[in-house]
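Encoded as structure tokens, the structure appears first; notes follow it.
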Amino acid sequence: TGPDYYIGRLMSVNLRNPNIPSNKITFGNLPDICGNTTGLIGKDIVNFMEKAVTPDSLFFNVFVYGNGDGSKINYTIKEDDDQNGTYVDGIDESYEKPIVVDFFGWKLFSLRYSDFTKAQYRNSDTGKDETATSGNKSKDINHIINVQFGLVSGTLGGKAQMIIDVPTVSVGKPFSY
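When we follow my numbering, the leftmost residue of the sequence shown carries the number 1, and every step to the right adds one.
Now the structure itself:
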């Protein structure tokens with residue numbers, strides 16, 4: 001319905017599945033200030049996000065390499081509102097924040113969850129826009145089940161690329177390095 005042309009997407013695994021190793025934040029064997037070596041420590045990413053308490057204090061961060069092509073990367077957060085362990089279009093809801101690639105080189109984006117807007121949901125069977133009736137109409141940190149990056153081109157047949165690195169979450173403040 002707009003000027004954008006969908007190219008493809010990159011979607012995360014189910015963040016609420018504790019059996020998936022990537023759902024743990026791990027810290028390497030680094031010496032502490034006394035020279036002792038700490039072991040690998042796993043931290044559940046969902047529990048970490050839930051420490052944010054409000055969407056204002058949860059940040060989704062990602063480095064994007066830009067080539068100035070004007071394409072758009074939609075950073076999408078999906079919530080499992082009915083708490084059945086999976087995301088279902090029309091029942092659950094998602095929120096998105098676009099990143100316009102109108103720059104050159106690497107750039108860090110730290111996006112506050114409260115700044116994400118509800119993603120459009122169009123019923124594939126009827127073609128009807130059901131955005132207003134899908135989900136529970138509330139950003140619930142404890143319902144986040146996965147993240148997704150979607151790539152769209154600003155022109156039909158136009159150039160678009162997505163080069164991203166280190167997608168992370170941070171609580172209380174944007175990611176810094």
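Positions of the beta carbon are idealized from the N, C-alpha and C atoms, including for glycine.
K128 and A119 have their C-alpha atoms some 14 Å from each other.
The beta-bridge partner set that DSSP reports for P55 is empty.
Of the residues G154, S170, V171, I91, the one whose Cα lies closest to the Cα of I99 is G154.
For V152, there is no enclosing alpha helix (DSSP H); the residue is found in the beta strand (DSSP E) stretching over 144-153.
Counting every other CB atom within 10 Å of its CB across the protein chains shown gives R16 a total of 16 or more, marking it as buried.
With fewer than 16 other beta carbons inside 10 angstroms of its own, K159 counts as exposed. Per the coordinates, the alpha-carbon of I77 lies some 17 Å from the alpha-carbon of N84.
Cβ contact annotation for M162 (same chain, cutoff 6 Å, sequence separation greater than five): I73, L151, in chain order. If you ignore the 5 residues before and after F103, its C-beta comes within less than 8 Å of the C-beta of G66, G68, all in its own chain and listed in chain order.
When the beta-carbon positions are compared, S124 and E93 stay at least 9 Å from each other. For V171, the uninterrupted beta strand (DSSP E) run begins and ends at 164-171, by DSSP. With respect to the 9 Å criterion, T86 and N136 are not classified as neighbours on the basis of their beta carbons. Q148 and D165 have their C-alpha atoms some 13 Å from each other.
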